[in-house]
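Below is one structure; the comments refer to it alone.
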Amino acid sequence: MWFYKVLGFAFTGLATVGVILPLLPTTPFLLLAAGCFAKSSPRLHQMLIENATFGPMIKNWHEHRTIPLRAKIIAILSLIFFGGYSVIFAIENTILKILGALIVAYALFFIARIKIYRAHPTLAE
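Residue numbering for the sequence shown follows our numbering, starting at 22 and increasing by one per position.
In structure tokens:
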């Protein structure tokens, strides 16, 4: 239980920093924090969901399984730049390069499939 609480606070901290820093994605860290708090502390989970800044993103994920366009773009660009840099320049072992490339490709595929949140959906959707 305490492990999930510590992780929840760490992810919440990273999400808070992500609000300020443009390349650090906020939404994935919030969703991880919410999951950790859901397993460890219903009170902290509820506080996070009721938070004016973070609550709407978490509720939107729980209800519609969508993320904001900005979060999706930042997540994809971060994976391409940082994941690509790691695979191309930081890793020397060929097997690890292939494994790293596969992990980055899977993450890109996963994120690309997540629908984008639209505040006012059109009638055609």
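Even glycine gets a Cβ: it sits at the ideal position worked out from N, Cα and C.
Asked: Any 3 or more C-beta pairs closer than 8 angstroms across the region 36 to 54 and the region 91 to 102; Found: yes
Asked: Beta carbon of L53 nearer than 9 angstroms to that of L28; Found: yes
Asked: Exposed unless 16 or more other CB atoms sit within 10 angstroms - verdict on A55; Found: buried
Asked: Residue environment, V40, which counts as buried when at least 16 other CB atoms sit within 10 Å; Found: exposed
Asked: Opposing strand residues paired with T87 [DSSP bridges]; Found: K136
Asked: Alpha carbon of T74 to alpha carbon of N114, nearest angstrom; Found: 43 angstroms
Asked: Rounded straight-line distance, which links the Cα of S107 to that of E71; Found: 37 angstroms
Asked: Endpoints, the alpha helix (DSSP H) within which F16 is located; Found: The chain is shown from 22 up to 146; residue 16 falls before or after that span and cannot be answered.
Asked: Contact under 9 angstroms by Cβ, K118 with I132; Found: no
Asked: DSSP state of M22 mapped onto helix, strand, coil; Found: coil
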